[in-house]
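Novice: The numbers in full-length UniProt numbering rise by one with no breaks, and the one at position 826 of the sequence shown is 826.
Quick reminder that beta carbons are idealized off the backbone N, C-alpha and C, glycines included.
The structure is given below, and queries will be raised subsequently.
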Amino acid sequence: MAAVSSVYGNGFPPIFCLTSTRTIKKYPPATISRVATAANPTSTTTHSEIQNGPIYATGRAGKSLSVSSSIRQSAMLDIQQSTDLASALSRSGEVLKAQDFNVILRHFGKLNRWKDLSQLFDWMQHYGKTNIASYSSYMKFMGRHLNPLKVLEIYNSIKDKSTRNSVSLCNSVLNCLVKSGKFEGSLQVFNQMKQDGLIPDIVTYSTLLVGCAKVKGGYSKALELVQEIKSSGLHLDCITYGTLLSVCASNNRCEEAEKYFEQMKIEGHAPNVFHYSSLVNAYAIDGNYRKADELIQELKSAGLELNKVILTTLLKVYVKGGLFDKSRELLDELQRLGYAGDEMPYCLLMDGLAKSGKLKEARLVFNEMKQNEVRNDGYSYSIMISALCRSGLLEDAKQLACEFEAKYDKYDVVILNTMLCAYCRTGEMENVMKMMKKMDESAISPDWNTFHILIKYFSKEKLYLLAYRTMEDMHRKGHEPEEDLCSSLIYHLGKTGAHSEAFSVYNMLRYSKKTTCKALHEKILHILVAGGLLKDAYVVVKDNAKLISRAAIRKFSTSFMKRGNMNLINDVLKSIHGSGYKIDQEIFHMAISRYIQQPDKKALLLHLLKWMPGQGYAVDSSTRSLILKNSHLFGRELIMELLSKQFMDLCSSLIYHLGKTGAHSEAFSVYNMLRYSKKTTCKALHEKILHILVAGGLLKDAYVVVKDNAKLISRAAIRKFSTSFMKRGNMNLINDVLKSIHGSGYKIDQEIFHMAISRYIQQPDKKALLLHLLKWMPGQGYAVDSSTRSLILKNSHLFGRELIMELLSKQFMVLKTNNSREGKTK
């Protein structure tokens with residue numbers, strides 16, 4: 001699989017300098033000799049030669065070993081060769097030191113003796129025979145075989161702060177997490193390590209960069225790490241650059257890969273064949289064979305030799321660029337050089353041909369591969385089976401799947417998914433179950449594709465509950481299903497009466513990160529109502545009412561009022577109203593009928609009756625009669641009061657809305673209905689209707705309201721009415737209006753008098769009204785101000801100069817007397 005991801009996909013393996021090694025300080029090598037070899041960028045030690053026999057801790061050259069050393073070497077040999085490790089440790093473990101056990105740890109690791117490695121390390125921890133190198137070696141060799149939680153458990157069990165902050169140990173912990181696919185977790189642990197005192201080195205960052213190449217969106221994380229490297233005063237080395245090139249290739253960042261490649265050369269790092277391979281791999285993203293060929297020429301000019309990896313990667317570029325003839329030539333060269341001993345080069349060409357519609361040519365390559373008896377891991381079969389399925393050659397696909405089963409016993413999730421797909425497409429239930437069993441036996445975890453294939457197949461076979469259980473398992477494993485698949489399964493589960501299961505699928509989709517189709521909410525609502533799952537239906541309506549049609553809302557409301565939980569009826573009504581849906585009288589009638597059937601729900605009924613008027617609702621005559629008929633159950637006086645208030649509030653609301661829509665006369669009619677009924681009118685209603693009448697210019701009606709209720713209306717409203725009437729009201733009523741306002745205790749200001757007198761002067765035939773007003777004013781303590789007086793005198797010839805002078809003189813005397821009284825009072 002590693003080989004596939006490195007060439008067939010974009011995830012190229014980390015790139016290393018052949019001339020570079022890294023060592024852990026105070027960590028002696030396990031053997032005398034070292035070889036300069038390619039080192040894993042996340043490793044904290046150099047690789048040494050792997051010996052077939054036991055590994056010994058040697059003394060100085062040319063000197064005989066001490067007795068103590070001989071005893072320790074004998075003890076180490078006993079433990080290394082023993083078939084009963086527990087007994088050997090009991091016999092020989094006491095004489096050995098931590099560094100001796102570290103040699104044995106590495107020996108077990110190189111021989112892949114994972115069980116013995118774990119048992120030995122547990123024993124070392126128990127008896128306190130560990131040091132930093134012990135932890136690093138154990139985690140390094142266990143790698144992917146070590147549970148990430150176990151790694152953290154071991155690390156967190158270390159009490160000594162200096163050991164915990166050892167950069168080699170921390171690098172080993174992070175390396176294990178990255179190799180286990182826990183990249184996000186490794187970043188969290190890294191940040192915690194830094195807070196606890198870790199000073200990262202370039203190996204630490206290289207380790208994390210390897211993880212960036214394996215995750216979606218890893219390039220942005222890589223940029224953050226590179227910035228941190230620079231901020232820390234560290235410098236990128238050739239290994240780090242190689243890893244960065246791999247990150248760029250796996251994240252389709254070809255231009256960035258070129259930039260880092262050039263930057264590496266500027267900084268004096270000579271690129272090796274692996275760096276070139278990573279950049280060629282980046283060119284495979286869009287099949288840029290021209291740049292790939294130029295890079296190959298540069299590589300040759302640098303004196304480097306083309307190896308299997310770079311030639312296979314170049315083949316990938318040619319295939320992606322559609323150069324199938326050139327790809328065939330390169331495959332032939334790989335065969336001639338002995339680099340086509342496994343299926344990978346053939347897979348690249350077959351896949352490109354198949355996806356370009358050249359199935360016949362792909363089959364020829366596949367048959368050639370089989371004739372050459374190259375090492376097969378199943379990917380070639382996977383490619384051909386998928387291609388045959390896409391072309392509708394289902395029987396051929398099934399036969400090829402059977403052939404693979406008969407010939408090979410190598411499985412991974414990719415080949416199993418391909419075979420599952422072939423068997424599902426041909427309806428081979430027995431073989432489908434066989435593949436699922438094989439997956440379990442091989443301890444292969446199903447991926448997103450596995451679940452998707454099975455759910456579609458089970459749905460096609462009308463095994464909807466089995467499809468549902470598969471989707472449940474998919475969800476538990478952290479995979480998000482497609483909306484179309486969920487929607488289809490929800491529909492069929494609903495049709496077969498599995499309403500609760502349909503709702504579970506809906507919730508899986510609803511709480512995923514994907515945006516849910518609006519129509520899905522209404523679809524699940526119909527299913528839940530049909531299944532009587534009204535409480536769940538209420539949740540759907542409450543959260544999505546605005547996305548659901550009025551017809552569906554009404555259907556739900558009717559069902560809930562009839563059969564829903566009575567304790568939730570009021571909540572349902574409020575939720576529906578809050579969504580902008582106008583609740584009709586039939587719904588209210590059903591709700592109130594249910595409350596009346598259970599008098600112990602008195603509080604809920606009273607709460608509903610109190611809530612309705614504030615939202616513009618009142619019960620109709622039918623529901624009102626029903627309530628009155630059963631009022632003795634809930635308190636007759638209280639019920640009468642609530643119904644009366646409902647009527648009042650309803651009228652008030654209607655008056656308001658009529659006024660807002662310009663139906664001023666109609667609003668006044670409703671006001672009069674309420675006013676002349678036997679019910680007490682709300683004080684605020686008088687002012688409300690006054691504003692409506694003034695706005696509509698119905699000033700005569702407004703005068704009636706003021707005359708009868710002036711003491712219940714605010715001064716601001718009275719003044720607004722007075723101003724409007726003086727300007728536009730019936731002139732024959734101006735004096736009456738002024739007297740009425742004065743009679744209510746309101747002090748009329750000079751501006752109002754000025755407007756009234758101005759209107760009279762404009763119509764001399766209203767002489768009698770003007771004279772009457774001027775005669776009336778002094779008796780109430782009013783006199784015109786200088787501005788109004790000048791206006792009257794200017795037009796006195798129209799009304800009789802002598803009479804006007806007499807009236808104004810009288811007013812003046814009254815004003816003088818009033819001022820004199822005010823002065824004495826002060």
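What does DSSP give as the partner residues of Arg375 in its beta bridges?
Specialist: DSSP output for Arg375 lists Asp342 as bridge partner(s).
Novice: Cβ of Tyr468 within 7 Å of Cβ of Thr496?
Specialist: Result no, Cβ atoms of Tyr468 and Thr496 do not sit closer than 7 Å.
Novice: Going straight from the alpha carbon of Leu525 to that of Thr661, what length do you get?
Specialist: Roughly 36 Å between the two C-alpha positions.
Novice: Enumerate, from N- to C-terminal direction, the unbroken alpha helix (DSSP H) stretches of 4 or more residues contained entirely within the stretch 728–769.
Specialist: Complete alpha helix (DSSP H) runs here, min 4: 734–743 and 750–762.
Novice: State the start and end residues of the unbroken alpha helix (DSSP H) segment that holds Asp701.
Specialist: First-last of the alpha helix (DSSP H) with Asp701: Leu699 to Asn709.
Novice: Report the three-state DSSP secondary structure of Thr558 (helix, strand or coil).
Specialist: It is helical.
Novice: For Arg164, is the classification buried or exposed, using 16 other Cβ atoms within 10 angstroms of its Cβ as the cut-off for buried?
Specialist: Buried is the call here.
Novice: Using DSSP with H/G/I as helix, E/B as strand and the rest coil, what is Arg624?
Specialist: Residue state, collapsed to three classes: helix.
Novice: Among the candidates Lys542, Leu528, Glu256 and Gln598, whose CA atom is the shortest distance from the CA of Ile576?
Specialist: Among Lys542, Leu528, Glu256 and Gln598, the Cα nearest to that of Ile576 belongs to Lys542.
Novice: List the endpoints of the continuous alpha helix (DSSP H) containing Arg253.
Specialist: Arg253 -> no alpha helix (DSSP H), and no H or E assigned at all.
Novice: With DSSP collapsed to three states, give me the class of Ile199.
Specialist: Looking at Ile199 - three-state DSSP - the assignment turns out to be coil, as it is neither helix nor strand.
Novice: Candidates Val273, Val309, Leu315 and His275: which alpha carbon is nearest Asn288's?
Specialist: Taking only the C-alpha atoms, the option nearest Asn288 is Leu315.
Novice: By how many angstroms is the C-alpha of Gly341 removed from the C-alpha of Ala57?
Specialist: Residue placement at Ala57 cannot be trusted, given a pLDDT of 42 that sits under 50; the coordinates are not used to answer.
Novice: Tell me the DSSP secondary structure of Glu356 in three-state form.
Specialist: Here the sequence assigns Ser to residue 356, which means Glu is not the residue at that position. Correct three-state label for Ser356: coil.
Novice: Would Val704 and Ser724 qualify as a contact pair, given that the criterion is a beta-carbon distance under 7 Å?
Specialist: Not in contact: Val704 and Ser724 (Cβ atoms no closer than 7 Å).
Novice: Roughly how many whole angstroms lie between the Cα atoms of Val95 and Gln192?
Specialist: Cα-Cα distance, rounded: 37 Å.
Novice: Taking the alpha helix (DSSP H) that Thr313 falls in, what are its first and last residues?
Specialist: It spans Lys308 to Lys320 - the alpha helix (DSSP H) in which Thr313 sits, taken as one unbroken run.
Novice: Sorted by chain position, which residues of the same chain lie with C-beta nearer than 8 Å to Cys517's C-beta, five sequence neighbours on each side aside?
Specialist: Closer than 8 Å at the Cβ level, and outside the excluded window around Cys517, lie Glu483 and Ser487.
Novice: Check whether the Cβ of Arg476 lies closer than 6 Å to any heavy atom of the ligand ZN, and answer yes or no.
Specialist: The ligand content of the structure shown is nil, which means the ligand ZN is not present either.
Novice: Indicate the three-state DSSP secondary structure (helix, strand or coil) for Ile79 in the structure shown.
Specialist: DSSP places Ile79 in helix when its eight states are reduced to three.
Novice: Can you tell me which of Leu769, Gly378 and Val505 puts its alpha carbon nearest to the alpha carbon of Ile490?
Specialist: Closest by alpha carbon: Val505.
Novice: Using CA atoms only, rank isn't needed, just tell me which of Glu405, Phe560 and Leu454 is closest to Ile592.
Specialist: If we check each option's Cα against that of Ile592, Phe560 comes out closest.
Novice: Does DSSP put Ala88 in a helix, a strand or coil?
Specialist: Looking at Ala88 - three-state DSSP - the assignment turns out to be helix.
Novice: For chain B, find out if any of its Cβ atoms is closer than 7 Å to the Cβ of Tyr656; answer yes or no.
Specialist: No chain B is part of this structure, which consists of one protein chain only.
Novice: Quick one, are the C-beta atoms of Asn171 and Val210 less than 7 Å apart?
Specialist: No. Outside cutoff.
Novice: Is the separation between the beta-carbon of Asn570 and that of Leu604 shorter than 7 Å?
Specialist: Cβ distance < 7 Å, so Asn570 and Leu604 count as in contact.
Novice: Flag this pair as yes or no: are the beta carbons of Leu295 and Leu279 separated by less than 7 Å?
Specialist: Cβ distance < 7 Å, so Leu295 and Leu279 count as in contact.
Novice: Flag this pair as yes or no: are the beta carbons of Ser92 and Ala75 separated by less than 7 Å?
Specialist: In contact: Ser92 and Ala75 (Cβ atoms closer than 7 Å).
Novice: Going by alpha carbons, who is nearest to Thr243 out of Tyr381, Asn735 and Met264?
Specialist: Minimum Cα distance to Thr243 is reached at Met264.
Novice: Can you give the Cα-Cα distance for Leu808 and Asn735, rounded to whole angstroms?
Specialist: So the two alpha carbons sit approximately 18 Å from each other.
Novice: Considering only C-alpha positions, which residue in the set Cys176, Val178 and Ser136 is nearest to Ile158?
Specialist: Considering only alpha carbons, the answer is Ser136.
Novice: Thinking C-beta only, is Met124 closer than 7 Å to Phe141?
Specialist: Going by C-beta atoms, Phe141 is not nearer than 7 Å to Met124.
Novice: Spatial neighbours of Ser744 within its chain, please: CB distance less than 7 Å, with the 5 preceding and 5 following residues excluded, ordered by chain position.
Specialist: Closer than 7 Å at the Cβ level, and outside the excluded window around Ser744, lie Ala710 and Lys711.
Novice: Grouping DSSP H, G and I as helix and E and B as strand, with all else coil, what is Ala397?
Specialist: It is helical.
Novice: Quick one: using the 10 Å Cβ neighbour count with 16 as the cut-off for buried, is Met673 buried or exposed?
Specialist: Exposed is the call here.
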